[in-house]
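**Q**
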Amino acid sequence: MASTSPAAPINRGLLDLMAARSWPPDPVAWRLMEGLLVWRMEVLTLLSVVHSRLTGAAATTIAGTARHPPPLHHPLPPHTSLPA
């Protein structure tokens with residue numbers, strides 16, 4: 001007796017679903033999806049900027065890297081003298 005994998009019906013269902021889709025996708029739906037994605041990214045960027053301004057945090061990108069990193073060499077404070 002052949003054993004059947006419990007995932008076999010799920011995989012077959014996905015294949016049937018993929019075969020039922022029309023390709024290429026509807027251009028109007030495709031443009032709408034692209035527009036919604038761009039709009040979402042703009043809203044996230046705006047929310048990030050507003051949050052950083054309200055909290056007084058340093059300006060950061062969505063990835064969390066500083067836009068203006070500190071300089072590599074900090075000058076010595078005026079009261080510090082160099083060793084002789």
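Numbering (full-length UniProt numbering), first residue to last: 1 to 84. C-beta atoms are modelled at their ideal positions from N, C-alpha and C, and glycine is treated no differently.
Report the rounded CA-to-CA distance for Arg31 versus Arg40, giving the unit in angstroms.
**A** Cα to Cα, the separation comes out at about 14 Å.
**Q** Where do the ends of the alpha helix (DSSP H) carrying Gly35 lie?
**A** Pro27 to Thr55
**Q** Rounding to the nearest angstrom, what Cα-Cα distance links Val43 and Leu54 in this structure?
**A** 16 Å
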